[in-house]
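Residue numbers (this note's numbering), protein chains in the order written: chain A, 636 to 880; chain B, 168 to 496; chain C, 138 to 435. Here a beta-carbon is modelled for each residue, glycine too, at the ideal position from N, C-alpha and C. Following: one structure in structure tokens, then a few remarks.
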Amino acid sequence: MLRVEGICKSFDRFNALCGADLHVDSGKIVAVIGPNGAGKSTMFKVITGHWKPDGGRVLFRGEPISSLSPHQICRKGISMAFQIVNIFNRMTVFENVQAAVLSHRRQAGKIFRSASKMAVGQTMEILESVGLRERAGCIAGTLSYGDQKVLEMAIALSTRPKLLILDEPTAGMSPEETAVCTGLIRRLTAENGLTVLFCEHNIELVLSLSDEIMVMQGGKTIIQDIPEAVRQSPAVREAYLGGAP
Amino acid sequence: MSEASSSLAYRLRSLRRLETFACLAAVIVLLLLPFVLPDFYVYFAALVLVTGLFATSLNLVLGYGGMYQFHHAVFYGAGAYAFALMLTKAHAPLWLACLCAPLVSAVLGFLIGAICVRLSKLYFGMLQLSLGSLVWAIVYRWYSFTGGDNGINEIPLPNAISSTTGAYYLTAVVVVVCLFLMYRIVNSPFGKIFQAIRDNPQRSEAIGVNIRLHQLKGEVIAAFFAGIAGVLYVVVEGTVVPDMLFWTVSLEVMVMCLLGGWYTFLGPLLGAAVIVGLRTFTGAYTEHWSLILGIILMALILWLPEGVLGLIVKPANSKMELSAETGRK
Amino acid sequence: MHLAVQLTLASLSQQVLVGLAETTTLFIVSSGLSLVLGVLRIPNISHGALYMLGAFLAYSITRMLGGTAAGFFASLLLAPLAVAFISLVVERFLLSRLYERDHLMLLLFTFALALVFNDVVNIVWGAGYRSMQLPSMFQGSFSFSGLFLPRYSLFLLCVGPLVAIGLWFLINRTKIGKISRAAAVHREMVGAVGINVSWVFAAVFMIGCFLAGLGGSLVAPTQSITQGMDASIIIEAFLIVIMGGLGNVWGALLGSLIFGLTDSLGVLIWPQFSIVFPYAAVIVVLLLRPAGLLRSTW
Numbered sequence: 636m637l638r639v640e641g642i643c644k645s646f647d648r649f650n651a652l653c654g655a656d657l658h659v660d661s662g663k664i665v666a667v668i669g670p671n672g673a674g675k676s677t678m679f680k681v682i683t684g685h686w687k688p689d690g691g692r693v694l695f696r697g698e699p700i701s702s703l704s705p706h707q708i709c710r711k712g713i714s715m716a717f718q719i720v721n722i723f724n725r726m727t728v729f730e731n732v733q734a735a736v737l738s739h740r741r742q743a744g745k746i747f748r749s750a751s752k753m754a755v756g757q758t759m760e761i762l763e764s765v766g767l768r769e770r771a772g773c774i775a776g777t778l779s780y781g782d783q784k785v786l787e788m789a790i791a792l793s794t795r796p797k798l799l800i801l802d803e804p805t806a807g808m809s810p811e812e813t814a815v816c817t818g819l820i821r822r823l824t825a826e827n828g829l830t831v832l833f834c835e836h837n838i839e840l841v842l843s844l845s846d847e848i849m850v851m852q853g854g855k856t857i858i859q860d861i862p863e864a865v866r867q868s869p870a871v872r873e874a875y876l877g878g879a880p
Numbered sequence: 168m169s170e171a172s173s174s175l176a177y178r179l180r181s182l183r184r185l186e187t188f189a190c191l192a193a194v195i196v197l198l199l200l201p202f203v204l205p206d207f208y209v210y211f212a213a214l215v216l217v218t219g220l221f222a223t224s225l226n227l228v229l230g231y232g233g234m235y236q237f238h239h240a241v242f243y244g245a246g247a248y249a250f251a252l253m254l255t256k257a258h259a260p261l262w263l264a265c266l267c268a269p270l271v272s273a274v275l276g277f278l279i280g281a282i283c284v285r286l287s288k289l290y291f292g293m294l295q296l297s298l299g300s301l302v303w304a305i306v307y308r309w310y311s312f313t314g315g316d317n318g319i320n321e322i323p324l325p326n327a328i329s330s331t332t333g334a335y336y337l338t339a340v341v342v343v344v345c346l347f348l349m350y351r352i353v354n355s356p357f358g359k360i361f362q363a364i365r366d367n368p369q370r371s372e373a374i375g376v377n378i379r380l381h382q383l384k385g386e387v388i389a390a391f392f393a394g395i396a397g398v399l400y401v402v403v404e405g406t407v408v409p410d411m412l413f414w415t416v417s418l419e420v421m422v423m424c425l426l427g428g429w430y431t432f433l434g435p436l437l438g439a440a441v442i443v444g445l446r447t448f449t450g451a452y453t454e455h456w457s458l459i460l461g462i463i464l465m466a467l468i469l470w471l472p473e474g475v476l477g478l479i480v481k482p483a484n485s486k487m488e489l490s491a492e493t494g495r496k
Numbered sequence: 138m139h140l141a142v143q144l145t146l147a148s149l150s151q152q153v154l155v156g157l158a159e160t161t162t163l164f165i166v167s168s169g170l171s172l173v174l175g176v177l178r179i180p181n182i183s184h185g186a187l188y189m190l191g192a193f194l195a196y197s198i199t200r201m202l203g204g205t206a207a208g209f210f211a212s213l214l215l216a217p218l219a220v221a222f223i224s225l226v227v228e229r230f231l232l233s234r235l236y237e238r239d240h241l242m243l244l245l246f247t248f249a250l251a252l253v254f255n256d257v258v259n260i261v262w263g264a265g266y267r268s269m270q271l272p273s274m275f276q277g278s279f280s281f282s283g284l285f286l287p288r289y290s291l292f293l294l295c296v297g298p299l300v301a302i303g304l305w306f307l308i309n310r311t312k313i314g315k316i317s318r319a320a321a322v323h324r325e326m327v328g329a330v331g332i333n334v335s336w337v338f339a340a341v342f343m344i345g346c347f348l349a350g351l352g353g354s355l356v357a358p359t360q361s362i363t364q365g366m367d368a369s370i371i372i373e374a375f376l377i378v379i380m381g382g383l384g385n386v387w388g389a390l391l392g393s394l395i396f397g398l399t400d401s402l403g404v405l406i407w408p409q410f411s412i413v414f415p416y417a418a419v420i421v422v423l424l425l426r427p428a429g430l431l432r433s434t435w
């Protein structure tokens, strides 16, 4: 479904990515791991079009997408939940999801129709499925951190993506929140037949959730394989434990 | 769970009913004003309405769109000049002038927007300020066409709308219609997405919104309504001067939005009433209006950044959150 | 035919020289604005009002000192210092509370300051305009090979590079310059290593406003000093700063050169609408480079 081939990206003189490869097959959950600064977030931002790569290419369903802008990539069917919470603070939870649904339905330009009765069913359905239905009327900025992360995921789901990208979905969450969130990801992917690409520092979560793991270091791909193989790979041990005594 | 959402729906419905009543009452008051008030106050009310429309049109992009619209007065002035010039130079029929003037503003909005919208937030504002000043400078220097710093006087208007009461009624009707339209726009999918862009441009892009295009549309719409306000200004005042599109006017209108509360729909109208009122009535006692305005503005920014209406709306929201919290437990 | 060509060439180069001299004040004012914008992130609308205040102060100081050349030179130093002092008070008591707010609030707040300054000028100096004479040493003009260059323009042409060198020294060679460059990028970081960022900001703001005052006192003898003289200079300074790149002092230099030259050449081509030319230049620059000519060095 998604192929990343040898993408490079540098900022000033710092090479954040130098030849990273990745492939995500339809219906799989793929995790990207690697030490801080390995280029995980940069790679995600290149895939979603926030940054243009200096070299290499990104193919989504056989089509090159690296020259498209973020909103065009979203319309191709890639959706992303960001690492830092990225929601519409001053709007209600309902409006947050509704905006995404309306945008997905290409109704963003409608000027004289009242939005209050549009896409209500679908919006409520999405909120129901992530468990935020009761909070539909709250201003999003007043939610707890965990709920904001969940809302973020709900927004990402609202555009009916084929590929969902999660950048550290449980970062900063309490253990309970993490458990809830993990269950949520598992259930949502199963229900919607999603393909998921995510990166995470919580190794247990990665091992339990993913079908395949890609390991990055210094902007390069070290290995991409099933969890068991990755666990036993000497190269990964080197990368993760190399510096440790 | 369904209980919570149905009580929310109920509350929204009762709120809507309250709103409808308030609107009707406001319209009736507006219609009756000329019967009870002396002429000067009728003129004053018309001026407040015009300025309120102008401020609300600014708030469309400033408060709802989160765009740094630093020079909105250009569109106000462009509408007024287009209207006056069509009547005096082209001798166009009144209806045509009324129709074309806001369109001229909208086209100007499109031009300035198209140049500015690609830039980042602060650049957008500063370049708009500069381009707007260019328009002002052209109007100011083009004596043969715009009358330079004398502006345009003796604009031929039919008696029915140039009398104080006539101008008032025309203004009131147009302003009410425009406010209704803008309210629809703010609550339309377009408006919701516009607010989403204000809150988080990066997120909006990631849900498939073409931010630049959306902002450009918003700019054109706001310019259009500002143009209508400009036409009404000519009707009320009977004259146009280049000072209308000087940049200080733009900032003064921003102060109105800030004073009323720019995350609320009626805030700018309230702000306009307060500022126009203060300017008119302190004018009788002191010439230090700019000192007064400056001090008010400082106080607002230091202590009341959400504006008067924002202050009222905010506690209501936190209460809502509280009830949802207890609902979950 | 030959004469006509020579004449236009002469008037052209004369126009360029005079334009360059005017560019000096533009540069001084806009580099101050750019400094404040780059380090403190304040789009300081009151910068123009400070410029005006500088002009009025220079007028009064020169008069107090008897209108001599010495008095004029003293005013060139004292008026900007007074402006800098006023700005220090404003920064300490008002602006320093607002650094966390967004640009819009800062813009409006400085607008409020501009309104207040305008009224203060009105109260102190009255609504009429003032004018002061150039000291006799600057009256008249030099002439060489058919060009007439006013002596004062020549003086301005010397002051401009001096200020530029001074700024370069300040930014690159002094401690405060280095700290403020770092503070502009990582405010918390600089605070974390134990430097009092707040005072660095105050100092930078003072320097920026000093430049506004200096610009004002330099133009004081060349034009009538009135209330409202701030309104046009601030827009020009904004334009220059956007064109050059926000917060980049060299951008301000480049921007004011382009602005001054297009403006003075525009006068030759289309006097009534000469103002169109600098704006056209800005639009062209921004269409090609949306973030300004030079990258923000901060």
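For this session: Please indicate yes or no: does the CB of S212 (chain C) lie closer than 7 Å to some heavy atom of the ligand NAD?
Result: In the structure on display, the ligand NAD does not appear, and there are no ligands present to speak of.
For this session: Spell out the partners DSSP gives P201 (chain B) in its beta bridges.
Result: By 1-based counting over the second sequence, the position of residue 201 (chain B) is 34. DSSP output for P201 (chain B) lists no bridge partner at all.
Exercise. In this structure, does DSSP put R318 (chain C) in helix, strand or coil?
Worked result: Numbered from 1 along the third sequence, position 181 holds the residue referred to as residue 318 (chain C). Three-state result, R318 (chain C): helix.
For this session: Give me the Cβ distance between V302 (chain B) and A259 (chain B), rounded to the nearest whole Å; I'm assuming they're in contact under 8 Å.
Result: Stepping through the second sequence from its first residue, residue 302 (chain B) is reached at position 135. Stepping through the second sequence from its first residue, residue 259 (chain B) is reached at position 92. That belief does not hold up - the Cβ atoms of V302 (chain B) and A259 (chain B) are roughly 22 Å apart, past 8 Å.
Problem set entry | Contained alpha helix (DSSP H) runs [length at least 4] in the stretch 187-264 of chain B, N- to C-terminal order | 206-229 and 240-255
Exercise. Given 8 Å as the limit, is there contact between the stretch 318-330 of chain B and the stretch 392-410 of chain C, that is, 3 or more CB pairs closer than that?
Worked result: no
Exercise. What first and last residue would you give for the beta strand (DSSP E) that runs through H658 (chain A)?
Worked result: Residue numbering aside, residue 658 (chain A) sits at position 23 when the first sequence is read from its first letter. Counting along the chain, the beta strand (DSSP E) containing H658 (chain A) begins and ends at F649 to V659.
For this session: Closer than 9 Å, Cβ to Cβ, to anything on chain B: give me those residues from the stretch 244-274 of chain C, in chain order.
Result: L244, L245, F246, F248, A249, L250, A251, L252, V253, F254, N255, D256, V257, N259, I260 and A264
Exercise. DSSP three-state call for Q757 (chain A): helix, strand or coil?
Worked result: If you number the first sequence from 1, residue 757 (chain A) lands on position 122. Here Q757 (chain A) sits in helix by DSSP.
Problem set entry | Positions along the stretch 742-755 of chain A whose CB lies within less than 7 Å of some CB in chain B | Q742, A743, G744, K745, I746, F747, R748, S749, A750, S751 and M753
Exercise. Using the rule of at least 16 other Cβ atoms within 10 Å of the residue's Cβ for burial, across every protein chain shown, is N126 (chain B) buried or exposed?
Worked result: Look at the range of chain B in this structure, 168 to 496, and you will see that residue 126 (chain B) is not part of it.
Exercise. Could one say the Cβ of L737 (chain A) lies closer than 8 Å to chain B's Cβ atoms, at least one of them?
Worked result: Here residue 737 (chain A) refers to the residue found at position 102 of the first sequence. Yes, L737 (chain A) counts as interfacial toward chain B.
Exercise. With a CB to CB cut of under 6 Å and the five nearest residues on each side skipped, what residues in its chain are close to G345 (chain C)?
Worked result: Counting from one through the third sequence, the residue named residue 345 (chain C) turns up at place 208. The residues are G169, L172 and V173.
For this session: From the DSSP output, in three-state form, read off Q800 (chain A) for me.
Result: As a working note, residue 800 (chain A) is residue 165 in the first sequence. One detail in the question is off: residue 800 (chain A) reads as Ile in this sequence, not Gln. Looking at I800 (chain A) - three-state DSSP - the assignment turns out to be strand.
Exercise. Chain A beta carbons: is any one of them nearer than 8 Å to that of A373 (chain B)?
Worked result: Here residue 373 (chain B) refers to the residue found at position 206 of the second sequence. Interface residue, yes.
Exercise. When burial is assigned at 16 or more other CB atoms within 10 Å of the CB, is L424 (chain C) buried or exposed?
Worked result: Taking the third sequence and counting its residues from 1, the one referred to as residue 424 (chain C) is at position 287. It counts as exposed.
For this session: Assign C265 (chain B) to one of two classes, buried (16 or more other C-beta atoms within 10 Å of its C-beta) or exposed (fewer than that).
Result: Residue 265 (chain B) sits at position 98 when you count from the first residue of the second sequence. With 16 or more Cβ atoms within 10 Å of its Cβ, C265 (chain B) is classed as buried.
For this session: Can you grab the Cα-Cα spacing for the pair A221 (chain C) / S233 (chain C), in whole Å?
Result: Locating residue 221 (chain C) in the third sequence gives position 84, where the first residue counts as 1. Locating residue 233 (chain C) in the third sequence gives position 96, where the first residue counts as 1. If I take the Cα positions, the gap works out to 16 Å.
Problem set entry | C-beta neighbour in chain B for A349 (chain C), strict 8 Å | Translated into the one-based positions of the third sequence, residue 349 (chain C) becomes position 212. No, no contact with chain B.
Exercise. Are at least three pairs of beta-carbons, each pair with one atom in the stretch 252-263 of chain C and one in the stretch 451-469 of chain B, less than 8 Å apart?
Worked result: yes
Exercise. Can you name, in chain order, every residue of its own chain whose Cβ lies under 6 Å from the Cβ of A219 (chain C), other than the five neighbours on each side?
Worked result: Taking the third sequence and counting its residues from 1, the one referred to as residue 219 (chain C) is at position 82. So the qualifying residues of the chain are L194.
For this session: Could you confirm whether any beta carbon from chain C is found closer than 8 Å to the beta carbon of R308 (chain B)?
Result: Translated into the one-based positions of the second sequence, residue 308 (chain B) becomes position 141. R308 (chain B) counts as touching chain C.
Exercise. L241 (chain C) touches chain B at which residues, Cβ-Cβ below 7 Å?
Worked result: Numbered from 1 along the third sequence, position 104 holds the residue referred to as residue 241 (chain C). Here the neighbours are Y235.
For this session: Flag this pair as yes or no: are the beta carbons of V407 (chain B) and A222 (chain B) separated by less than 8 Å?
Result: Within the second sequence, residue 407 (chain B) is the residue found at index 240, counting from 1. Within the second sequence, residue 222 (chain B) is the residue found at index 55, counting from 1. Contact: no.
Exercise. By the 10 Å Cβ neighbour count, where 16 or more other Cβ atoms means buried, how is D206 (chain B) classified, buried or exposed?
Worked result: Indexing the second sequence from 1 puts residue 206 (chain B) at position 39. So D206 (chain B) counts as exposed.
For this session: Run down chain B in chain order and give the residues with a C-beta less than 7 Å from the C-beta of Y236 (chain C).
Result: Sequence index remark: in the third sequence, residue 236 (chain C) carries index 99 (1-based). Within 7 Å Cβ-Cβ: nothing; Y236 (chain C) doesn't reach chain B, min ~13 Å.
Exercise. When we look at the beta-carbon of E863 (chain A) and count the other beta-carbons within 10 Å, is it buried (16 or more) or exposed?
Worked result: To locate residue 863 (chain A), count along the first sequence from 1; it is residue 228. Label assigned to E863 (chain A): exposed.
For this session: Note down, in chain order, each residue of its chain lying with its Cβ closer than 7 Å to the Cβ of V228 (chain B), except the 5 sequence neighbours on either side.
Result: Counting from 1 along the second sequence, the entry for residue 228 (chain B) is found at position 61. Contacts found: M234, Q236, G385, E386 and A389.
For this session: May I ask you to list, following chain order, the residues of the stretch 214-232 of chain C that have a beta carbon less than 9 Å from some beta carbon of chain B?
Result: L231
Problem set entry | Interface positions of the stretch 159-189 of chain C facing chain B (Cβ-Cβ less than 9 Å), listed along the chain | L174, R178, P180 and I182
Exercise. In chain order, what residues of the same chain lie with their CB nearer than 8 Å to the CB of Q718 (chain A), ignoring the 5 residues before and after it?
Worked result: For the purposes of this step, residue 718 (chain A) is taken as residue 83 along the first sequence, with counting starting at 1. These residues qualify, in order along the chain: S676, D802, E803 and A806.
Exercise. Mind pulling the chain B residues with CB within less than 9 Å of K427 (chain C)?
Worked result: By 1-based counting over the third sequence, the position of residue 427 (chain C) is 290. One detail in the question is off: residue 427 (chain C) reads as Pro in this sequence, not Lys. Those are R285, L286, S287 and Y290, listed as they occur along chain B.
Exercise. Would you say the stretch 307-321 of chain B touches the stretch 360-367 of chain B, given that touching needs at least three Cβ pairs under 8 Å?
Worked result: no
Problem set entry | Candidates A:E640, A:R821 and A:S809, of which the one nearest I700 (chain A) by Cα | The count along the first sequence starts at 1 and reaches residue 700 (chain A) at position 65. Here the closest residue by C-alpha is A:E640.
Problem set entry | chain B contact for E698 (chain A) (CB, 8 Å cutoff) | In the first sequence, counting from the first residue as 1, residue 698 (chain A) sits at position 63. No, E698 (chain A) does not count as interfacial toward chain B.
Exercise. Name the DSSP beta bridge partners of R638 (chain A), please?
Worked result: Sequence index remark: in the first sequence, residue 638 (chain A) carries index 3 (1-based). DSSP output for R638 (chain A) lists A:H658 and A:L694 as bridge partner(s).
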